[in-house]
Amino acid sequence: MPYARVRPDLEAIPSYRPGRPAEPSADSPRTFKCSSNENPFPPLPGVLDAITTAAAEVNRYPDLACTAITSAVADRLDVPFEHVVFGPGSVGVLQQLVTCVAGPGDEVVFAWRSFEAYPIITRVAGATPVAVPLTPDARHDIDAMAAAVTERTRMVLVCSPNNPTGPVVSAAELRRLLDAVPPDVLVVVDEAYGELVRDPRAADGLGEYRQCANVAVLRTFSKTYGLAGLRIGYVVVHEPVATALRTTSIPFGVSSIAQAAALESLREGDALLARVDALVAERERVVDELARQGWSLPETQANFVWFPLGERAADFARACETAGISVRPFAGEGVRVTIAEPEANDILLEVSRTWRG
11 MPYARVRPDL EAIPSYRPGR PAEPSADSPR TFKCSSNENP FPPLPGVLDA ITTAAAEVNR
71 YPDLACTAIT SAVADRLDVP FEHVVFGPGS VGVLQQLVTC VAGPGDEVVF AWRSFEAYPI
131 ITRVAGATPV AVPLTPDARH DIDAMAAAVT ERTRMVLVCS PNNPTGPVVS AAELRRLLDA
191 VPPDVLVVVD EAYGELVRDP RAADGLGEYR QCANVAVLRT FSKTYGLAGL RIGYVVVHEP
251 VATALRTTSI PFGVSSIAQA AALESLREGD ALLARVDALV AERERVVDEL ARQGWSLPET
311 QANFVWFPLG ERAADFARAC ETAGISVRPF AGEGVRVTIA EPEANDILLE VSRTWRG
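Residue numbers (the numbering used here): 11 to 367.
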């Protein structure tokens, strides 16, 4: 039977590997998923009510323009309505961005290791990924990234805090990069974990967007807002990129349930900020204890910690799973562990203590 032809270059693109839950065992009947950087808190009651109400009308198409949530975000950030574009998670918006600005023969520059989807999205668009190694302390090498920009570069991705290692890009570093990048190259600041940042030296993507027409800022409701299962995120970006995004977007790509939940989440700001503060406090507890145990880890400003274990990464991941928590190993590089429920974090600390022996 003959089959339809697909692009042969797709065979070389690795599939995205999601974090998976740990399997229960006799020794660990209760397990915790610490592999996907999810928010351990369930949705707030008001958000659940909004989801329930919206679900009653799923026989209707959602608002194509995401008008209410776009207006709310634009007002909150004090940016033009036309500069805010929503999509199915920030990664979905990013895929649209890459498609709008890059194609065959073009290049997209990013730090590596960074978010696993970056090279996948780039190759799907037909463009060439240019991965610039991190510094020894797991941070963006800004000068090397600037040097990697050529006449073929159409986008530079900056992940701050960096996933999976945790450090932020400083304000001075981002400014140095922007000064070196041509004005027709789009610089995308991925702030998926931005609400968790407490480092006063951290870059302010939105501030740079206000100064530079080639800066875009990606944000999501998946992490600190706890709506990972609903897939809703957005970008703040100047024209003509914003118009191109709306032209190329998947019609009705953001469900009415996701829009309603995100809007209510913004209204529940104080309660959500309290949860974010609790996550940050738990992060600091874990980081401090790991330091007392003798671990020297990158300075995280996200909701995860990075163990740069190299070839021992798989062994550490297995030890964690045996104890009842699933983590995210990156073969030959390290292990990322989400800051989750205190009980899960206590298991991590026990494994890490035993591991150091």
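Quick reminder that beta carbons are idealized off the backbone N, C-alpha and C, glycines included.
Anticipated Cβ contact below 8 Å, residue i with residue j, distance rounded
i: Thr348; j: Glu117; result: Not confirmed; about 32 Å, so no contact.
i: Ser336; j: Ser100; result: Not really, about 23 Å apart at Cβ, beyond 8 Å.
i: Pro98; j: Gly263; result: 5 Å
i: Ala213; j: Ser180; result: 6 Å
i: Val315; j: Val296; result: 6 Å
i: Ala272; j: Ile242; result: 5 Å
i: Leu240; j: Asn313; result: Between Asn313 and Leu240 the Cβ distance is about 18 Å, and since that is not below 8 Å, they are no contact.
i: Val83; j: Tyr244; result: 6 Å
i: Val134; j: Ile23; result: 7 Å
i: Ile79; j: Leu104; result: Their Cβ separation, rounded to whole angstroms, is 18 Å, which puts Ile79 and Leu104 out of contact at 8 Å.
Residue i burial status per 10 Å Cβ neighbour count (16 or more: buried)
i: Gly215; result: buried
i: Phe91; result: exposed
i: Ile260; result: exposed
i: Gly236; result: buried
i: Ser25; result: exposed
i: Gln303; result: exposed
i: Gln311; result: buried
i: Val13; result: Checking the sequence shown, residue 13 turns out to be Tyr, not Val. Exposed, because fewer than 16 other Cβ atoms sit within 10 Å of the Cβ of Tyr13.
i: Tyr71; result: exposed
i: Pro308; result: buried
i: Asn173; result: buried
i: Arg229; result: buried
i: Pro129; result: buried
i: Arg208; result: exposed
i: Pro53; result: buried
Alpha-carbon to alpha-carbon, residue j and residue i
i: Thr138; j: Leu107; result: 15 Å
i: Ser306; j: Pro171; result: 18 Å
i: Cys169; j: Ala333; result: 31 Å
i: Asp73; j: Arg123; result: 37 Å
i: Glu294; j: Asn355; result: 11 Å
i: Glu218; j: Pro55; result: 36 Å
i: Val95; j: Glu201; result: 15 Å
i: Glu360; j: Ala301; result: 13 Å
i: Val345; j: Pro143; result: 17 Å
i: His150; j: Thr63; result: 43 Å
i: Glu351; j: Pro50; result: 6 Å
i: Val178; j: Ala324; result: 26 Å
i: Val111; j: Ile152; result: 22 Å
i: Thr160; j: Thr41; result: 48 Å
i: Ile357; j: Ala182; result: 38 Å
i: Val225; j: Val197; result: 5 Å
i: Arg277; j: Ile267; result: 16 Å
i: Asp298; j: Glu292; result: 10 Å
i: Glu321; j: Ala66; result: 51 Å
i: Lys186; j: Met11; result: Note that residue 186 is Arg in the sequence shown here, rather than Lys. Cα to Cα, the separation comes out at about 57 Å.
i: Thr77; j: Gly102; result: 18 Å
i: Ala327; j: Val166; result: 32 Å
Where residue i sits in the DSSP three-state scheme
i: Leu273; result: helix
i: Gly27; result: Checking the sequence, you will find Arg at residue 27 rather than Gly. If DSSP states are grouped into helix, strand and coil, Arg27 belongs with coil.
i: Thr348; result: strand
i: Ile152; result: helix
i: Ile242; result: coil
i: Leu358; result: helix
i: Cys330; result: helix
i: Val296; result: helix
i: Phe91; result: helix
i: Arg256; result: helix
i: Thr63; result: helix
i: Ala226; result: strand
i: Thr310; result: coil
i: Arg164; result: strand
i: Asp19; result: helix
i: Asp194; result: coil
i: Ser180; result: strand
i: Trp305; result: coil
i: Val207; result: coil
i: Asp73; result: coil
i: Val264; result: coil
i: Gly236; result: coil
i: Thr364; result: helix
Identity of the residues DSSP links to residue i by a beta bridge
i: Trp122; result: Pro143
i: Gly97; result: Gly243
i: Pro339; result: Val345
i: Phe42; result: Ile335
i: Val108; result: DSSP, once it has assigned bridges, lists no residue as partnering Val108.
i: Val57; result: Note: Val57 sits in no beta bridge, so no partner.
i: Ala137; result: DSSP, once it has assigned bridges, lists no residue as partnering Ala137.
i: Ala212; result: Ser180
i: Glu117; result: Thr138 and Thr163
i: Trp316; result: Arg346
i: Val199; result: Val168 and Val227
C-beta neighbour in chain B for residue i, strict 8 Å
i: Val227; result: Judged by its chain identifiers, the structure shown contains no chain B, having just a single protein chain.
Contact test: residue i Cβ vs the ligand GTP heavy atom, cutoff 7 Å
i: Phe262; result: Judged by which ligands are present, the structure shown has none, so any question about the ligand GTP falls away.
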